[in-house]
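Participant: Attaching a single structure in structure tokens format; questions to follow.
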Amino acid sequence: MQIGRLAARAVIGGLFVGHGTQKLFGWFGGPGLDGTEQMMGAIGMRPTRHNALAAGLTETAGGALLAAGAATPLAASALIGTMITAIRKVHQPNGPWVTNGGWEYNAVLVAALTALVDGGPGDLSIDAVAGREEWGPGWAVAGLTVGAAASAAAMALGRRGSDGQPDVPRPRGEVADEAREGTAGDPVTTVAD
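Per the numbering used here, the sequence shown starts with residue 48, numbered consecutively.
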């Protein structure tokens, strides 16, 4: 399982780094910070610039930490938070199937991240060098809980405009359609994440 955990960390973490840099810099065909800011506006996450930066930085740093197997519970909980936000703000109204813009891919990532915390990053990781090859189920539940709480807090704060007033709600289908248009329907890129 050492190679399996390393492969999972490298693929999942690397892809999150890619998605984060799409948001921040427009790399890999991404929208860049301006496009990500527009997407944040479409899904009602205010202030849009702060949320765009937070999403891009969380995915980039969390993905890098996960790939390296460093602070695995922290990295996973940050990424879990972005995936839960993506599910709730963008994909939920579309049902489970990714072919319809649904949340299945995001849910698979949440499960994989939780499993990586539970099983630990393995011998080939910074955590192992620091004496922590395994984390266990308590840490996995904590990572999932912290990720869900961070998502809830980000969405609660995002509902308020930069002037402190609540944002005007829009129909969920319209929000999901507009967010998807700005990101080519990519389930991770559309994360409020």
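Ideal Cβ placement from N, Cα and C applies to all residues, glycine included.
Report yes if the C-beta distance between G109 and A123 is below 9 Å; otherwise report no.
Facilitator: Translated into positions along the sequence shown, residue 109 becomes position 62. Translated into positions along the sequence shown, residue 123 becomes position 76. Yes, they are a contact pair.
Participant: Pull up the distance between the alpha-carbon of T161 and that of W74, whole angstroms please.
Facilitator: Taking the sequence shown and counting its residues from 1, one reaches residue 161 at position 114. Taking the sequence shown and counting its residues from 1, one reaches residue 74 at position 27. Looking at the two C-alpha atoms, the distance is approximately 28 Å.
Participant: What is the DSSP secondary structure of S172, reduced to helix, strand or coil?
Facilitator: The count along the sequence shown starts at 1 and reaches residue 172 at position 125. It is coil, neither helix nor strand.
Participant: Alpha carbon to alpha carbon, what distance is there between V58 and R114?
Facilitator: Taking the first residue of the sequence shown as 1, we reach residue 114 at position 67. Taking the first residue of the sequence shown as 1, we reach residue 58 at position 11. Inspection of the sequence shows that residue 114 is occupied by Ala rather than by Arg. One C-alpha to the other measures close to 8 Å.
Participant: Between the alpha carbons of R56 and V64, how many angstroms are there, rounded?
Facilitator: As a position in the sequence shown, residue 56 is number 9, starting the count at 1. As a position in the sequence shown, residue 64 is number 17, starting the count at 1. Roughly 12 Å separates the two Cα atoms.
Participant: Among A187, M86, R96, which has the Cα closest to the Cα of D165?
Facilitator: For the purposes of this step, residue 165 is taken as the residue at position 118 of the sequence shown. Comparing Cα positions, the closest option is A187.
Participant: Considering only the alpha carbon of each residue, which of K70, R207, M130 lies closest to A158?
Facilitator: Taking the sequence shown and counting its residues from 1, one reaches residue 158 at position 111. Closest option to A158, Cα to Cα, is M130.
Participant: Near A111, which residues of its chain fall below 7 Å by C-beta distance, leaving aside the five closest residues on each side in sequence?
Facilitator: Against the sequence shown, residue 111 aligns to sequence position 64. The residues are G60, V64.
Participant: Using C-beta distances below 8 Å, list every residue in its chain close to T105, excluding the 5 sequence neighbours before and after it, in chain order.
Facilitator: Counting from one through the sequence shown, the residue named residue 105 turns up at place 58. For T105, where only same-chain residues beyond five positions count, the Cβ hits under 8 Å are G67, A125, L126, G128, T129, D240.
Participant: Tell me which same chain residues have a C-beta within less than 7 Å of the C-beta of G142, skipping the five on either side of it?
Facilitator: Counting from 1 along the sequence shown, the entry for residue 142 is found at position 95. So the list reads G149, once near-sequence residues are dropped.
Participant: Assuming R135 and M202 form a contact by the criterion Cβ under 8 Å, report the distance between their Cβ atoms to the nearest whole angstrom.
Facilitator: On the sequence shown, position 88 is the one that residue 135 refers to. On the sequence shown, position 155 is the one that residue 202 refers to. 7 Å between Cβ atoms; contact.
Participant: For D170 versus Q49, is the C-beta distance shorter than 9 Å?
Facilitator: Reading the sequence shown from its first residue, position 123 is the one you call residue 170. Reading the sequence shown from its first residue, position 2 is the one you call residue 49. Yes, Cβ-Cβ distance for D170 and Q49 is below 9 Å.
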